[in-house]
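Novice: Heads up: the protein sequence lines correspond to chains A and B, in order. Under the numbering used here, the letters of the first sequence match residues 1 to 253, in that order. Under the numbering used here, the letters of the second sequence match residues 254 to 568, in that order. Below is one structure. I have some questions about it.
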Amino acid sequence: MTCLPTHTERKLGLVIDLDTCVGCHGCATSCKEWNTGGYSAPLSDIDPYGADPDGAWLNRIHSYEVGDGTESRTVHFPRSCLHCETPDCVTVCPTGASFKRAEDGIVLVDPDLCIGCKLCSWACAYGAREYDPSHGVMKKCTLCVDRIYNEHLAPEDRTPACVRACPTGARHFGDLGDPESAVSKLVAERGGFDLLGAFGYKPVNKYLPPRSRRDARTVSADAPDKAPQKQKIAAPTTAIESLFSWVDRALSR
Amino acid sequence: MHPAYSVILFTTASGAGYGLLVWLALLSATGVLPADRWLGFTGLAISLGLISVGLLASTFHLGHPERAWRAFSQWRSSWLSREGVAAVATYIPAGIFGIGWVFLERTDGIFAILGLLSAALAVVTVYCTGMIYASLRTIRQWNQPLVPWIYIALALATGAVLMLALIHVFGMESPWFSLLTAVLVGIALFLKQRYWSTIDTEKKTWTIGDATGLGKHGQVRVLDLPHTQANFIMREMGYAVARNHAEKLRGYVRLLAFLVPGALCLITIAPSALLATPAALLAVIAAGVGVAVERWLFFAEAEHVSMLYYGRPAA
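Here's what the structure looks like:
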């Protein structure tokens, strides 16, 4: 049924920390590995080692440069389905293949009902649905629905493959409908935000903003007003002074 | 947006077919057209033929055409499903209307009512087609209130152009229908011009900063794409071929879909059948090609909000 549930018992989703993500693509490859053998498998590739590789992935890692001058920074930006509360990708589906689960809010595609019309991908504002040309159906993040409830796995593995794989702990999984959950507290503490919030799909997944820069450049010469109490240290002339100068900078961070 | 060629064929052919069905039903129910067997057969064969070819073509772009029947189930929420239901529902009254006209040579009474019902369903079907696009908030150029009305106006205009050719071939020319067709083509052109000026002047709503949520930290620029080769999203949503030539293509659409058929319709008022019939047939060809280009441009000019992630500054 492609009508949306009026209420979901839980709002399972991801919280992605744009401050700690290092853009290693580990979550994307881990996702690909799990999901080519999991729900709605295979997650096909065409000509994967050739000149023009193509294939469906459920998670894509962008890298952006944000700001100018000393305030500019690189932000790595994983992008996948946000399991929105009111997404049009579900309601436009003509067959009922796309659905949002009332029990946990996960948005899924039933690969046995999908006719591959691609309309859901047109309705998604986040480019989160990718068509699998060899399977002839639409693929999307399942929030590893076949891991998170899987009692054959060790308890620590009952979490989405991307979260398990992240080497910097930039990905968090939990119930965003419960204000007491660890992920909800993290979002509150760090000022987590929605992507295209004003668009109205009400994403469940949240993103944590990059923290302000705290390195030597922003706290000294280029932005003196930000560290008014800081004492000026004369330029080092010997090796040992250079070392202490470095220690001073490191401690100032 | 990447234009699915089968969808262009479908909306162009079916649109004209549904339009022709509307005119066949209206003109026969009101007694303007005689209940002539061969006129009915030819008209309905062309109309239902175009509709059926279009509907079949529309399944070609599916990943699983054999499952297309499942698309009738979600009419509560999906305009695509509603379109499918309305399209199939139209066949039932249209079929009985056709039996009455072709086998019994009757287009009055119950047959007239069923004819008008099929005409109403034809308009509903075309409205649903337009709403598939107009309901997508992700594409500003499609999410316009005018879109379904342009689909209907073009269906009625191209259907009338077909009807005009048909009545000329059957030697039943009528100056007022020539005039009516020219007026319908004019209305469609007016709506399309309004549509183009709206999408050209409207402010773009979303930026790459909104899409990433990083706008408050400064200008957002793409440093690295997630993949070296284009993926489905880039090919499907980022299709920009012909967008640079949009102005030129709009000119062709104005000419082929509107000005040429409109002028030819007026020529059909000429008393000489030697001039009028070829003019009416030429109008069909021009309108068909023109509307196909219009549909292609409708896709090519559509900008999807997800392309913000791939570096488009605004959508």
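Using N, Cα and C, we set each Cβ at its ideal position, and we do this for glycine too.
Identify the continuous alpha helix (DSSP H) that holds Ile16 of chain A and give its terminal residues.
Specialist: Premise fails: Ile16 of chain A lies in the beta strand (DSSP E), 12-17, not in any alpha helix (DSSP H).
Novice: Flag Thr238 of chain A as yes if its beta-carbon sits less than 8 Å from any beta-carbon of chain B, otherwise no.
Specialist: Interface with chain B (8 Å Cβ-Cβ cutoff): Thr238 of chain A is excluded.
Novice: Taking only the alpha-carbon atoms, compute the straight-line gap between Lys570 of chain B and Ile461 of chain B and give it to the nearest angstrom.
Specialist: Residue 570 of chain B is absent from the structure shown; chain B starts at 254 and stops at 568.
Novice: Flag Thr343 of chain B as yes if its beta-carbon sits less than 8 Å from any beta-carbon of chain A, otherwise no.
Specialist: no
Novice: Runs of 3 residues minimum, wholly inside the stretch 3-70 of chain A: which ones carry the beta strand (DSSP E) assignment?
Specialist: 12-17, 59-66
Novice: Apart from the five residues just before and just after Val376 of chain B, which ones in its own chain have a Cβ nearer than 7 Å to its Cβ?
Specialist: Val275, Ile405
Novice: Output the boundary residues of the beta strand (DSSP E) element that contains Lys100 of chain A.
Specialist: 98-100
Novice: Helix, strand or coil for Leu208 of chain A? Go by DSSP, reduced to three states.
Specialist: strand
Novice: For Leu534 of chain B, collect the residues of the same chain with a Cβ closer than 6 Å to its Cβ; drop the 5 residues on either side in sequence, then sort them by chain order.
Specialist: Ala418
Novice: Ignore the nearest five residues each way along the sequence and tell me which others in Ala555 of chain B's own chain have a CB closer than 7 Å to its CB.
Specialist: Met254, Ile392, Gln394, Trp395
Novice: Using a 10 Å radius around the Cβ and a threshold of 16 neighbouring Cβ atoms, would you call Glu426 of chain B buried or exposed?
Specialist: buried
Novice: Between which residues of its own chain and Tyr207 of chain A is the CB-CB distance below 7 Å, once the five residues before and five after are set aside?
Specialist: Ile16, Leu18, Gly192, Phe193, Leu195
Novice: Apart from the five residues just before and just after Ala170 of chain A, which ones in its own chain have a Cβ nearer than 7 Å to its Cβ?
Specialist: When the five nearest sequence neighbours on each side are left out, the beta carbons in the same chain lying within less than 7 Å of the beta carbon of Ala170 of chain A are those of Ile16, Asp17, Thr20, Cys21, in order along the chain.
Novice: Using CA coordinates, which residue listed in B:Gly491, B:Ala321, B:Leu467, B:Val546 is at the minimum distance from Gly504 of chain B?
Specialist: Cα-wise, what sits closest to Gly504 of chain B is B:Val546.
Novice: Taking Ala125 of chain A and Val400 of chain B to be in contact with their CB atoms under 8 Å, please state how far apart those CB atoms are, rounded to whole angstroms.
Specialist: Your pair Ala125 of chain A and Val400 of chain B does not check out as a contact, with CB atoms roughly 19 Å apart and the cut at 8 Å.
Novice: Mind checking if Thr391 of chain B is an interface residue toward chain A, Cβ cutoff 8 Å exclusive?
Specialist: Yes, Thr391 of chain B counts as interfacial toward chain A.
Novice: By how many angstroms is the C-alpha of Glu319 of chain B removed from the C-alpha of Trp332 of chain B?
Specialist: Taking the Cα positions, Trp332 of chain B is about 20 Å away from Glu319 of chain B.
Novice: Starting from the Cα of Trp57 of chain A, find the closest Cα among B:Phe356, B:Leu262, B:Asn484, B:Gly368 and give me that residue.
Specialist: B:Asn484
Novice: Nearest by alpha-carbon distance to Asn497 of chain B: which of B:Asp477, B:Leu550, B:Ala539 is it?
Specialist: B:Leu550
Novice: Taking Cβ-Cβ distances below 8 Å as the criterion, which residues of the stretch 487-498 of chain B are in contact with chain A?
Specialist: Glu489, Met490
Novice: Tell me, to the nearest whole angstrom, how far the beta carbon of Tyr492 of chain B is from that of Ala553 of chain B; I am working on the premise that it is less than 8 Å.
Specialist: The distance from the Cβ of Tyr492 of chain B to that of Ala553 of chain B is about 7 Å, consistent with a contact at the 8 Å cut-off.
Novice: So, is the C-beta of Tyr64 of chain A closer than 8 Å to a C-beta in chain B?
Specialist: yes
Novice: Taking 8 Å as the threshold (C-beta atoms), are Ser267 of chain B and Ile304 of chain B in contact?
Specialist: Yes, the Cβ-Cβ distance between Ile304 of chain B and Ser267 of chain B is below 8 Å.
Novice: Residues of the stretch 102-135 of chain A in Cβ contact with chain B at a cutoff of 9 Å, in chain order, please.
Specialist: Asp112, Leu113, Cys114, Ile115, Gly116, Cys117, Lys118, Leu119, Ser121, Trp122, Ala123, Cys124, Ala125, Tyr126, Gly127, Ala128, Arg129, Glu130, Tyr131, Asp132, Pro133, His135
Novice: Restricting to runs no shorter than 4 residues, where is the alpha helix (DSSP H) found entirely within the stretch 355-411 of chain B?
Specialist: Listed in chain order, the complete alpha helix (DSSP H) runs (minimum 4 residues) inside the stretch 355-411 of chain B are 362-387.
Novice: Does the CB of Ser330 of chain B have a neighbour CB from chain A at under 8 Å?
Specialist: yes
Novice: Distance cutoff 8 Å, beta carbons only. Does Thr95 of chain A sit that close to anything in chain B?
Specialist: yes
Novice: Determine which residues of the stretch 471-485 of chain B have a Cβ less than 9 Å from any Cβ of chain A, and write them out in chain order.
Specialist: Gly471, Gln472, Val473, Arg474, Val475, Leu476, Asp477, Leu478, Pro479, His480, Thr481, Gln482, Ala483, Asn484, Phe485
Novice: Measuring CB atoms only, is the stretch 91-107 of chain A touching the stretch 116-135 of chain A, in the sense that at least three cross pairs come out at less than 8 Å?
Specialist: yes
Novice: Return the Cβ separation of Gln472 of chain B and Gly26 of chain A in integer angstroms, given the expectation that the two are a contact with Cβ distance under 8 Å.
Specialist: About 28 Å separates the two Cβ atoms, so there is no contact after all.
Novice: Answer with buried or exposed for Ser525 of chain B, where buried requires no fewer than 16 other C-beta atoms within 10 angstroms of its C-beta.
Specialist: exposed
Novice: Please tell me whether Leu437 of chain B and Ala413 of chain B are closer than 8 Å, where the distance is taken between their beta carbons.
Specialist: yes
Novice: Compare the C-beta of Val558 of chain B with all C-beta atoms of chain A and state if any pair is closer than 8 Å.
Specialist: yes
Novice: Any beta carbon from chain C within less than 8 Å of Cys84 of chain A's own beta carbon?
Specialist: This model lacks chain C altogether; the protein chains it does include are A and B.
Novice: From this set, A:Gly37, A:Ser134, A:Gly50, A:Arg60, which residue's C-alpha is nearest Leu82 of chain A's C-alpha?
Specialist: A:Arg60
Novice: DSSP on Phe511 of chain B, reduced to helix/strand/coil?
Specialist: helix
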